[in-house]
Amino acid sequence: MRTIYLDNNATSKVAPEVLEAMMPYFGDLYGNPSSAHSFGGQVGRKIREAREQVAALIGADPGEILFTSCGTESDNAAVLSALSTQEDKRHVVTSRVEHPAIKGLGLHLSQKGFRVTEVPVNGDGILDMGFYEKSLTPDTAVVSLMWANNETGVLFPVEEAAEMAKQRGILFHTDAVQAGGKIPIDMKKSAISMLSLSGHKLHAPKGIGVLYVRKGTRFSPLIIGGHQEKGRRGGTENTASIIGLGVACELALRRMEEENTRVKSMRDRLEAELLAHIPKSKINGAPSNRLPNTTNISFEFVEGEAILLMMDELGICASSGSACTSGSLQPSHVLRAMGVPFTMAHGSIRFSLSVYNTDEEVDFVVRELPPIIEKLRTMSPFWTPEVGVCATAAG
Ligand code: PLP
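Quick note: numbering that gives the first Met the number 0 has the sequence shown finishing at residue 394, numbered continuously throughout.
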């Protein structure tokens, strides 16, 4: 059975070019980039090249790029550095819809006695900028707002929010793990102090991340040890993954237009056809202000997990907006923060595409999903013909 992979916000395929670039560094080129000899030095040179490739993707200076182990580490390192370089400040501002990498850290910090403000969003997932502005105080050490939401793809106006923080002397971090490689980012024109990326969301391997730290920003390392990364992160470099990430960033820059045209139009068609053929279905998140590859659709009166299982039998991979916690299905914190009704949140599915998807794959999903929803609804105690009748897609 073939796999139709529409779960690229969870993780993405390692690009063949990336894999090819990495292979020699698992084999003959195993030198330590910090070694004085030329055997290690040749690896060091490739790491410098990768740093330049990553910097080019986000319009940064290579010296502002710090390699980490993942997006979660980058997020933690940014916020914790801001707190430890400003010990007099005890307040952190974030949003209600952050990824657990920031949300979990916020909870941890509040248990340690820091004040953490989570800015709300409206029903479309758009940040309440009035609330945000009021939450910035002289005690605020750092703001951390995601650039793009991993569940809905909704974009936050991080440039504007960063400018507001900068005017008040507050550091601004953005979790750009989902935005990186999908939308243009230019740090030269920005007030953002720190930015996180993760390799496995942009066709590089898992276990490699990036923290951009603007030149002049005081930084306190999370991982203390050797002199690697100019003393900002100890530990021998993950050489093959860094080199792979460099190639992935170069590819992402080249494919940015394709991501925003071909991938976007596949996403738009998938969305439009599913909405047209499945009654009581609705997009979650502001339709015009989203990542080009992501759609989150609620199918009322059906269980998301059941939809996933039936799609899985056909080789279709996606994600649901509810997670099984302690035996009960909890709708995601993102959909709850947006006030999506219970019956809608439970039946939500996230499809996230990539440049490796094809029109034929979209056709397949558009053909196969409506009967799945129809079948599940006939089994649902909440679904009656008076509520709606499911139609089947043509073709
Ligand atoms: N931030 C966002 C928005 C994400 O979507 C993810 C991963 O899903 C992360 C952070 C964590 O990245 P990593 O898996 O590299 O730790």
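Ideal Cβ positions, reconstructed from N, Cα and C, are used throughout, including at glycine. This structure is a prediction, so every number in the text was calculated from the model and none was measured.
Relative to the ligand PLP, the nearest heavy atom lies less than 7 Å away from the CB of V176. In this chain, the alpha helix (DSSP H) harbouring Y131 covers M128 to S134. In the three-state DSSP reduction, M337 falls in the coil class, being neither helix nor strand. Taking the Cβ of N292 as the reference point, every heavy atom of the ligand PLP lies at 7 Å or farther away.
Annotation: G338 to L308 spans about 26 Å, alpha carbon to alpha carbon. Scanning its chain for C-beta atoms nearer than 7 Å, with the 5 sequence neighbours on each side dropped, one finds around R217 the residues T84, in chain order. Scanning its chain for C-beta atoms nearer than 8 Å, with the 5 sequence neighbours on each side dropped, one finds around S347 the residues N283, N295, I296, S297, F298, G303, S319, G320, S321, P330, S331, L334 and V339, in chain order.
Minimum Cα-Cα distance from E132 among the listed residues W146, L5 and T93 corresponds to T93. Looking at the DSSP output, C316 bridges to Y4.
Rounded to the nearest whole angstrom, the C-alpha separation of H107 and L244 is 30 Å.
Runs of the beta strand (DSSP E) lying entirely within the segment 224-310 and spanning at least 3 residues, in chain order: 280-282 and 293-298. Within the same chain, and ignoring the five residues on either side of K281 in sequence, the residues whose Cβ sits closer than 6 Å to its Cβ are S297.
About 5 Å separates the beta carbons of G208 and G70, which is inside the 8 Å limit, making them a contact pair. The alpha carbon of R95 has as its nearest neighbour, out of A55, Q52, K111 and E150, the alpha carbon of E150. Rounded to whole angstroms, the gap between the alpha carbons of N292 and R47 is 31 Å. Counting only residues of its own chain and dropping the five nearest sequence neighbours on each side, L135 has a CB closer than 8 Å to the CB of V92, V142, M163, A164, R167 and I169.
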